Amino acid sequence: MHAFLNRIKEPSTWAGLSALGIVFGLPPGTMDLIAQVVLGVTGLAAIALPEKKQP
Numbered sequence: 002m003h004a005f006l007n008r009i010k011e012p013s014t015w016a017g018l019s020a021l022g023i024v025f026g027l028p029p030g031t032m033d034l035i036a037q038v039v040l041g042v043t044g045l046a047a048i049a050l051p052e053k054k055q056p
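Numbers given in the numbering used here equal positions in the sequence shown, counted from 1, plus 1.
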């Protein structure tokens, strides 16, 4: 989950997902909405999930 959260924070990930969405026919406004929802969910997950303890 931590690796996923790190990747989802990277702008290049969102640029790639947006490009794929547009290629497959989704309007840019829809991609913006999807990005906002996913960022909201990952933000809530980051708040709710405890951090791993260091050894």
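Built from N, CA and C at the ideal position, the CB exists for glycine as well.
None of these values were measured; they are calculated from a predicted model.
Taking C-beta to C-beta, are residue i and residue j nearer than 8 Å?
i: T1; j: I9; result: Absent from the structure is residue 1, since the part of the chain shown begins at 2 and ends at 56.
i: L6; j: A49; result: no
i: A29; j: I23; result: Correcting the residue type first, residue 29 is Pro in the shown sequence and not Ala. Cβ distance < 8 Å, so P29 and I23 count as in contact.
Just verifying my parser: in three-state terms, what is the DSSP assignment at residue i?
i: V32; result: It should be noted that the sequence gives Met, not Val, for residue 32. Here M32 sits in helix by DSSP.
i: L27; result: coil
i: L50; result: coil
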